[in-house]
Structure formats: C-alpha cells, structure tokens
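If you read the protein sequences in the order shown, they are chains D and H. Take the first sequence: its position 132, counted from the start at 1, is 142 in this note's numbering, and no numbers get skipped. Take the second sequence: its position 21, counted from the start at 1, is 22 in this note's numbering, and no numbers get skipped. Glycine included, each C-beta is placed from N, C-alpha and C at the ideal position.
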Amino acid sequence: MKHVIYTLVLVVFLVSCKTEGAMEDCTKDSFDRGALLTNWADNIIIPSYDLYVSELMDLEATSNAFIASPDIQKLETLRADWLAVYTTWQNVSIYEIGQAEISRLRDYTNTYPLEATLVESNISSGNYNLELSTNIAAQGLPALDYLLNGIAATDADIVVKYSSDPNATNYKAYLSDVVSRLKSMAISVQTDWKGTYRGIFIANDCSSSTASVDKLTNDMIFNLEKVTRAAKIGIPIDFFGQPPMIAPEKVEALYKQNVSKELLIASIKASQDLFNGKFFNTEEEGESLKSYLDELQIEAGGKLLSVVINDRYDAAIAQAETLDDDFYMGIQSDRTKYKITRDRIHSIIEVLKTNMISALGIKADYNDSDGD
Amino acid sequence: MQKNLIKAGILAGMVLLFTACKDDGNDLGDGNGDTGVITNVNDIEYDFNVPSTYVFERNNETTVSFSGQSQRLAMNKEILSYFSVTSGKTTAEIEAAFAHEAGNNDFIDAGSLGLNASSKNVKSKIAASDDLFGSDAVAKEAIQAVFSAYIASQVADVVPNKDNTATEGNAGMIADGSSTRYVNGKGLEYNQAFAKGSIGALIVDQVLNNYLGTTRINNEDYISKNDAETLEEGKNYTKYEHHYDEAFGYVYGDPSVDFESPISYESDSFLFKYITRVESDTDFSGIQEQIFKAFRIGRAAVVAQDYDVLKDAVTVLQYQISKVIGVRAVYYLQAGKNALAAQDFGGAFHDLSEGYGFVYSLQFTRNPETDAPYLSASEVNSLIAKLEAGNGFWDLTDGTVLDEVSDTISAKFDFTTAQAAD
Chain D
11 MKHVIYTLVL
21 VVFLVSCKTE
31 GAMEDCTKDS
41 FDRGALLTNW
51 ADNIIIPSYD
61 LYVSELMDLE
71 ATSNAFIASP
81 DIQKLETLRA
91 DWLAVYTTWQ
101 NVSIYEIGQA
111 EISRLRDYTN
121 TYPLEATLVE
131 SNISSGNYNL
141 ELSTNIAAQG
151 LPALDYLLNG
161 IAATDADIVV
171 KYSSDPNATN
181 YKAYLSDVVS
191 RLKSMAISVQ
201 TDWKGTYRGI
211 FIANDCSSST
221 ASVDKLTNDM
231 IFNLEKVTRA
241 AKIGIPIDFF
251 GQPPMIAPEK
261 VEALYKQNVS
271 KELLIASIKA
281 SQDLFNGKFF
291 NTEEEGESLK
301 SYLDELQIEA
311 GGKLLSVVIN
321 DRYDAAIAQA
331 ETLDDDFYMG
341 IQSDRTKYKI
351 TRDRIHSIIE
361 VLKTNMISAL
371 GIKADYNDSD
381 GD
Chain H
2 MQKNLIKAGI
12 LAGMVLLFTA
22 CKDDGNDLGD
32 GNGDTGVITN
42 VNDIEYDFNV
52 PSTYVFERNN
62 ETTVSFSGQS
72 QRLAMNKEIL
82 SYFSVTSGKT
92 TAEIEAAFAH
102 EAGNNDFIDA
112 GSLGLNASSK
122 NVKSKIAASD
132 DLFGSDAVAK
142 EAIQAVFSAY
152 IASQVADVVP
162 NKDNTATEGN
172 AGMIADGSST
182 RYVNGKGLEY
192 NQAFAKGSIG
202 ALIVDQVLNN
212 YLGTTRINNE
222 DYISKNDAET
232 LEEGKNYTKY
242 EHHYDEAFGY
252 VYGDPSVDFE
262 SPISYESDSF
272 LFKYITRVES
282 DTDFSGIQEQ
292 IFKAFRIGRA
302 AVVAQDYDVL
312 KDAVTVLQYQ
322 ISKVIGVRAV
332 YYLQAGKNAL
342 AAQDFGGAFH
352 DLSEGYGFVY
362 SLQFTRNPET
372 DAPYLSASEV
382 NSLIAKLEAG
392 NGFWDLTDGT
402 VLDEVSDTIS
412 AKFDFTTAQA
422 AD
C-alpha cells in the first residue's frame with residue numbers, strides 16, 4: 011500500500027515537472043479545436059484535394075488526347091489545364107501532413123528550378139524511375155512547364171517533338187509518366203483523407219507539438235516562409251546576396267514565363283484563406299485561427315491581432331499585384347519591387363511566428379538561424 | 002498509523018516536488034537581502050580563476066570577438082551625426098543608414114570597421130531581444146517605428162526651422178550657453194531622444210534581454226556545445242562564448258575603448274559613457290567595476306562551464322546596468338528642473354531631451370527579482386506622455402511633473418531621487 015502511494019506521489023511529481031518537448035498531455039482551453047479541425051478538413055483541405063484531383067484527371071485526358079494526335083490547339087488546351095492544376099496546387103502545397111508528408115508530395119510535385127538536362131537525359135535513355143528521389147527535380151509541375159513550354163522555341167516546334175521527332179515516342183511517354191505520377195500521388199493522399207485520416211486528424215485535438223492544430227499551423231507558416239517567400243521571390247532575387255546575384259532562371263513556371271505572379275498571389279491567398287477558415291471556393295468562413303484568436307480576444311498594438319494579420323496579408327497581395335506577370339524579365343528590370351513584396355510577406359510571417367503562435371500556445375517546430 | 006505514513010509520504014513527495022520544480026533561473030543566491038538574487042559582484046562565489054582583464058584565450062589565441070557590435074555602435078554614431086541640421090541628409094538617406102543593407106554606401110565609413118560592406122544594421126536590433134520581443138513582432142515594429150519617426154520628424158519639422166527661434170509649439174533653435182540646440186515644438190531634441198533611447202532599445206535590450214537573456218542562457222544546444230568545447234566553424238570560440246562576448250561588445254565595443262581594461266569611455270557615446278558618469282556620482286561609486294567584474298566573472302564561468310556562477314554574474318549585470326539607466330533618467334530630469342528654475346531653457350531642454358531618452362530606455366531594463374523591466378512599456382509611455390503633455394518641456398517650469406516622474410522612477414529602484422540628482 012505504501013509503495014503504491016509513493017509511486018503515486020512520484021507520478022504526480024513527474025507530471026508536474028515535465029517540460030515542453032517532453033511527452034505532453036492533452037491540455038485544452040475554451041476553444042473547440044475539434045470544430046476548427048473539422049472545418050479545416052471538411053471545408054478546406056478535402057475540397058482542395060477534390061478539385062486538385064479532378065483537374066489532374068482533366069489534365070490527363072487532354073494529355074492523352076495530345077499524345078494521340080499532337081497539334082497546337084491541343085497543346086493550348088493542355089497548357090490551360092496545367093495552369094489550373096498549378097493554381098489549385100498552391101492551396102494543396104500547404105497541407106504537408108499525413109500521407110502528403112509521408113510521400114513528400116510537395117517535393118515531388120513542385121521542386122524547381124527543374125533539372126532540364128536530367129529530363130532530357132531521362133527522355134533520351136527512356137530509362138528512369140520517377141519514384142526515386144534523385145528524380146525529384148525532373149518531374150512534377152515544373153517538368154510539365156518544360157515539356158509544354160520549354161522544349162522548343164515555337165509552338166510548332168514543340169508539337170514536332172511529340173510527332174516527327176526521332177525521340178517523339180519517348181517525349182510522349184515522359185509527358186504521360188509525369189502526369190500519371192502527379193495524379194497517382196494526389197489520389198493516394200485524397201483517398202487517405204477520405205478514408206481514415208480525416209478522423210485521425212480531427213481526433214488529435216490537443217495542444218501539443220504533435221497535435222493537428224499545432225502541426226498544420228506550422229505547415230501553414232512554413233509554406234508561407236519557404237515556399238511562398240523564399241522560393242517564389244527570395245531565391246530568384248537573391249535577397250540575402252551581398253551583392254545580390256539575381257537568378258531569374260529560378261522563378262516558378264520559368265518556361266511559361268507569364269504566370270509567376272498569379273501563382274504567387276494564389277499562394278498568399280491560400281494562406282490567408284486558411285487563416286480565416288474560408289471555405290474552399292466559397293466565401294463562407296468557419297472556425298479558424300482567426301476565430302480562435304478572436305475568441306481569446308488577442309490584441310497587438312491596440313488592434314485585434316486577427317485584424318493586424320489580415321491587414322498584412324492584404325498589403326502583401328496589393329504589393330504582389332504591382333509585379334510583372336513574368337518574373338523572369340521583371341526581376342531583371344526592377345528588383346526593388348520584388349524585394350518589397352518579399353518584405354511584405356515576411357511581415358506576415360513575423361507576426362504569425364511570434365504574436366500568433368505564442369497567443370495560441372503553439373510551438374514553432376522549425377527555426378531560422380539566429381542572425382549573427 | 003498506515004494513514005499517517007501515507008500522509009507523511011505525500012508530504013515528503015510534495016516537498017520534493019516543490020524543491021525539484023523550483024525555477025533554476027535565479028537560485029543559489031547567498032546573503033544579499035532576502036530575495037536570494039545576487040546584485041553585488043563581491044557576493045559571487047566561484048572556484049575558478051577570473052582574469053583581471055577581459056582576456057580569454059584558447060591555444061594562445063583570443064576567443065573574444067564582437068566586431069558586429071562595434072559596427073553597430075559606429076553606425077549608430079554616424080546615424081546620429083546625420084541628425085545635424087547642416088548634414089543635408091534626407092529622411093530616406095538617414096532611414097537607409099538606420100536599416101542599412103550590405104553594400105550600400107550609407108556611411109562615411111572612416112576607419113577599418115567596414116560599415117558599408119557590413120550585413121549588420123541598427124534598426125533590426127532595436128527592441129529585438131528574444132526574451133522581451135520574441136513573441137511580439139508588433140511591439141518590436143512599433144518601437145522601431147518610433148526611432149524612424151525621430152528621423153523623419155527631425156528632417157521634416159526641425160531642419161526647415163533651424164534659423165527660427167524655438168517658441169512654445171514651434172520648432173527651432175534655442176541657445177544653451179555657447180551651444181545651439183535644435184528642438185521640436187515641445188522642446189525635444191530628436192537626436193537626444195534617438196541616442197539615449199537607443200541605449201535602452203538597442204544596447205540594454207540586446208545585452209540583458211537577448212544575449213544574457215533566459216532564452217539564450219538556458220539554450221540546451223548552446224550549453225551542450227559549450228560543454229563539449231565545440232567551436233563555431235572557422236572560429237576560436239563556442240557559440241555560448243560568442244554570445245556572451247556580443248553582450249560585452251555592446252557595452253565596451255566602441256573601437257576607441259580599451260576593452261581589456263576599460264577605464265575611460267574615450268569616444269564612446271552610449272552605455273559605457275554613462276556607466277562612467279554614474280560612477281562619478283559618489284552615491285554610486287564602484288558601479289563601473291561592479292559591471293566590468295561581473296562581465297569577467299561571467300565570461301570565466303562560461304569557460305569553466307559553471308552556469309550557476311554565470312547566472313549570478315548575469316543578475317549582477319541586470320541590476321547594475323538597469324540602475325545606470327534609472328539613475329541617468331532621474332539625473333537629467335532633475336538637472337532640467339533646476340535649469341528651468343534658472344530660466345535657462347536651452348540648457349533645460351537639452352537635459353530634458355537626454356532624460357526623455359533615458360526614460361524611454363527604462364522599458365528595456367531587467368529586474369533580476371522579477372525578470373521583467375523595472376518599468377513596463379505602458380508605465381514608460383505614461384511617463385513620456387506626462388513630459389510631452391501640452392507644449393511639452395515648455396510647460397514643465399514649476400518642476401512638479403518632473404519631480405513626480407523622477408520619484409516614480411526612483412521608487413522602482415533602490416536609490417532616491419536626491420541620490421541620482423547630483
């Protein structure tokens with residue numbers, strides 16, 4: 011009996027003294043995290059995957075039609091379908107959780123700059139495995155960008171690659187394989203969400219570093235920082251360079267050349283919509299980080315923090331609107347306005363990573379290096 | 002019987018629990034008042050050698066480096082020179098120097114510090130400590146904006162009126178003995194607000210709340226690397242050593258200062274200068290050695306991997322450095338009061354402008370007993386509002402408000418207004 015009591019006391023002691031990072035218990039506040047997670051899953055994430063997958067199916071159909079009898083008109087249709095997929099992808103990119111995280115969906119879907127020489131050598135050999143990580147930079151949406159826009163100088167010459175070129179069969183096969191892989195990866199994540207993962211995601215409604223709210227919030231911030239801010243602008247303009255050595259060949263959708271801006275804006279909006287709990291493709295809003303902050307009445311600088319955050323998203327989008335459709339040319343002619351846009355995005359991240367996550371008791375699961 | 006045993010067991014467990022869970026930030030105090038926090042450097046007990054100068058070596062080469070701090074102090078000095086009404090600088094030019102980016106020719110850049118090439122700047126380190134601002138970017142940006150506003154207002158309001166005599170509500174010049182001061186409509190010199198405010202927002206905040214703050218000092222990764230003497234790539238120091246030296250460098254990093262045994266402030270115009278000024282008030286003599294010795298003990302403790310002694314040195318630094326800010330705030334407010342009583346408006350406004358900056362700096366101090374600033378940001382803002390009410394310094398002639406503000410400050414510390422005033 012005594013031993014039992016002592017053990018009990020010891021347990022109390024251990025529980026009371028444990029620190030963040032150690033095994034955490036399920037602490038909750040007044041906010042209904044389950045409702046938040048349900049809104050994210052049912053009204054935002056799963057509908058995003060549904061549209062993304064259905065657009066990939068359209069893309070596959072037009073791709074098959076193009077492969078069957080290549081011509082310029084079908085090439086144009088194929089490009090339009092590709093752009094629709096690429097735009098929806100900007101939402102899907104954020105949700106690197108569950109099966110998406112396991113299969114590294116983001117890396118395999120949108121790693122750029124593309125290694126065009128690797129693509130060409132894969133095509134000429136006809137011997138490649140897109141499931142290998144060594145081929146990450148030779149597939150996905152950037153590979154399609156190249157295959158549909160970059161493999162020859164004119165539309166007519168591009169069509170030639172898929173018709174009378176000696177390697178036409180291999181070009182067709184590669185196009186088909188890249189599309190298939192995009193589709194199959196997306197479907198496996200979608201299927202998982204619609205099967206068991208939705209329940210797992212929603213049930214994990216604690217406050218801890220591995221809980222769903224904490225994890226997806228970190229994913230959202232990470233995506234805005236690394237995918238939106240750094241990859242789309244910071245790296246091409248060599249933000250930290252002393253002196254900067256701009257790298258226009260590192261912009262997103264390099265070969266299409268006139269859609270970088272709309273992809274950037276779609277990416278910022280996707281982040282803002284998730285913050286606001288806005289339903290995918292409708293204007294309705296549900297439980298969200300915003301409503302969570304408002305429920306806790308969190309303020310910063312005399313305003314509701316959610317207002318501060320939305321103001322910053324709006325300012326970033328407004329600045330992004332001033333950019334050129336074609337970043338490849340744009341950053342070579344006026345780097346400054348890109349830098350300002352990058353700073354506007356950074357100012358969103360600053361307040362998300364400091365005021366917001368501390369107010370919500372969320373711990374950042376990744377860190378920048380600390381300056382000097 | 003059984004019940005009593007159980008109770009005793011629970012009680013013992015509770016005692017154990019409280020003992021074991023005690024915050025390990027500021028413990029191990031020995032005999033300095035009843036708080037357990039050491040504030041006098043001579044109360045620190047240690048069993049390793051502490052050098053009499055700030056010289057620390059590994060393999061016969063120095064491990065001390067704070068070039069980034071020397072650069073920032075030099076940048077700040079040059080930015081302040083741009084406040085001169087004859088500098089001809091635009092707001093954009095001064096702001097660009099404040100938020101300098103590597104490679105831009107924002108500075109005259111005399112000497113060998115390489116300011117223009119440097120990736121460092123002043124603005125990004127204003128109100129940027131991990132401990133105070135790590136979870137509030139909005140507050141950080143608001144304070145940075147205050148400093149940018151000093152720049153903009155100087156160029157927009159004061160420079161155009163440099164040949165007019167300042168009057169209540171109107172910016173202009175005002176004589177102070179043989180000097181001429183340039184003030185805004187409330188009597189404030191923006192360069193003093195910037196200079197003395199940055200002693201708190203840049204220097205004290207980085208020293209006490211960042212490099213010697215809880216977040217850094219308790220960082221397990223840094224500690225384990227220091228324990229293993231893992232050196233930073235291409236360097237002769239551990240990260241922990243370097244962070245400590247960066248704190249030191251903000252105080253003694255002006256290139257003119259003999260940092261190994263700093264006695265005279267030479268051409269420093271920031272914190273170290275005012276440490277020596279407080280030292281010269283007999284009520285506070287010894288404070289200069291308190292601070293320098295605490296820095297040496299703490300640094301030796303880092304080398305000896307004795308983090309308890311390090312924390313004792315840190316509480317001394319928190320207490321003594323914060324006190325410098327408190328004393329100088331009260332000193333200048335009282336000096337201003339006396340000058341106003343003597344109808345010396347120019348001299349009074351200069352003193353009050355310095356005081357204004359030191360008052361602003363109080364929100365970056367750190368009380369070792371609470372780990373919070375001696376005065377909170379909102380307390381500071383309400384004191385600033387009192388100084389700026391109506392026509393500002395012009396309205397302070399009867400001294401009541403200045404005494405009230407002075408007493409509010411000294412009550413937060415363990416000195417009196419009278420002790421600080423002389």
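Under 7 Å by beta carbon: chain D residues contacting residue i
| i | result |
| --- | --- |
| residue 93 of chain H | What residue 93 of chain H touches in chain D: nothing, since even the nearest Cβ is about 13 Å away. |
| residue 103 of chain H | 252 |
| residue 1 of chain H | Past the boundaries of the shown model lies residue 1 of chain H; chain H is included only from 2 to 423, so the question cannot be answered. |
| residue 135 of chain H | 364 |
| residue 143 of chain H | 311 |
First and last residue of the uninterrupted alpha helix (DSSP H) at residue i
| i | result |
| --- | --- |
| residue 338 of chain D | 337-343 |
| residue 201 of chain D | 178-202 |
| residue 109 of chain D | 109-112 |
| residue 387 of chain H | 378-389 |
| residue 337 of chain H | 308-342 |
| residue 209 of chain H | Where residue 209 of chain H is concerned, there is no enclosing alpha helix (DSSP H), given that its DSSP letter is neither H nor E. |
| residue 289 of chain H | 288-304 |
| residue 282 of chain D | 270-286 |
| residue 483 of chain H | Because chain H is modelled from 2 through 423, residue 483 of chain H falls outside the range shown and cannot be assessed. |
| residue 89 of chain D | 82-102 |
| residue 80 of chain H | 68-82 |
| residue 278 of chain H | 272-280 |
| residue 329 of chain D | 315-331 |
| residue 123 of chain D | Taken as a continuous stretch (DSSP letters only), residue 123 of chain D belongs to no alpha helix (DSSP H), as it is neither H nor E. |
| residue 401 of chain H | 401-413 |
Own chain residues within Cβ distance below 6 Å of residue i, not counting five before or after
| i | result |
| --- | --- |
| residue 99 of chain H | 80, 123, 124 |
| residue 370 of chain D | none |
| residue 172 of chain H | 158, 159, 162, 185, 186 |
| residue 132 of chain H | 210, 214, 215, 216 |
| residue 291 of chain H | 42, 321 |
| residue 28 of chain H | Its pLDDT being 39, under 50, residue 28 of chain H is placed unreliably by the model, and the measurement read from it follows with that caveat. Closer than 6 Å at the Cβ level, and outside the excluded window around residue 28 of chain H, lies no residue. |
| residue 372 of chain D | 224, 227 |
| residue 192 of chain H | 81, 84 |
| residue 218 of chain H | none |
| residue 221 of chain D | 214 |
Neighbourhood of residue i by C-beta distance below 7 Å, restricted to the same chain and skipping five residues each side
| i | result |
| --- | --- |
| residue 175 of chain D | 181 |
| residue 363 of chain D | 231, 374 |
| residue 3 of chain D | Within the shown structure, residues of chain D are numbered from 11 to 382, placing residue 3 of chain D beyond reach of any answer. |
| residue 284 of chain D | 54, 104, 230 |
| residue 352 of chain H | 333, 336, 337, 340 |
Contacts of residue i in chain H (Cβ-Cβ under 9 Å)
| i | result |
| --- | --- |
| residue 368 of chain D | 135, 136, 137 |
Residue interval of the beta strand (DSSP E) (run including residue i)
| i | result |
| --- | --- |
| residue 177 of chain H | 173-177 |
| residue 183 of chain H | 180-184 |
Proximal residues to residue i (C-beta, below 8 Å), its chain only, five neighbours per side dropped
| i | result |
| --- | --- |
| residue 437 of chain H | This structure cannot speak to residue 437 of chain H, because chain H is shown only from 2 to 423. |
| residue 148 of chain D | 124, 125, 128, 129, 132, 138, 140 |
| residue 199 of chain D | 59, 108, 109, 110, 113, 115 |
| residue 287 of chain H | 280 |
Whole-angstrom C-beta distance between residue j and residue i, which should lie under 8 Å
| i | j | result |
| --- | --- | --- |
| residue 414 of chain H | residue 202 of chain H | About 19 Å separates the two Cβ atoms, so there is no contact after all. |
| residue 71 of chain H | residue 255 of chain H | 7 Å |
| residue 175 of chain H | residue 350 of chain H | 6 Å |
| residue 372 of chain H | residue 215 of chain H | 7 Å |
| residue 202 of chain D | residue 106 of chain D | Contact doesn't hold; Cβ gap of about 13 Å is too wide. |
| residue 237 of chain D | residue 151 of chain D | Between residue 151 of chain D and residue 237 of chain D the Cβ distance is about 13 Å, and since that is not below 8 Å, they are no contact. |
| residue 245 of chain H | residue 300 of chain H | 6 Å |
| residue 63 of chain D | residue 196 of chain D | 5 Å |
Neighbour flag for residue i against chain B, beta carbons, 7 Å
| i | result |
| --- | --- |
| residue 82 of chain D | Within the model displayed, chain B is absent; protein chains D and H are what it includes. |
Along the stretch 114-128 of chain H, where does the CB come closer than 7 Å to a CB of chain D? Name the residues.
120, 121
Members of the stretch 203-224 of chain D near chain H, C-beta cut-off 7 Å:
none
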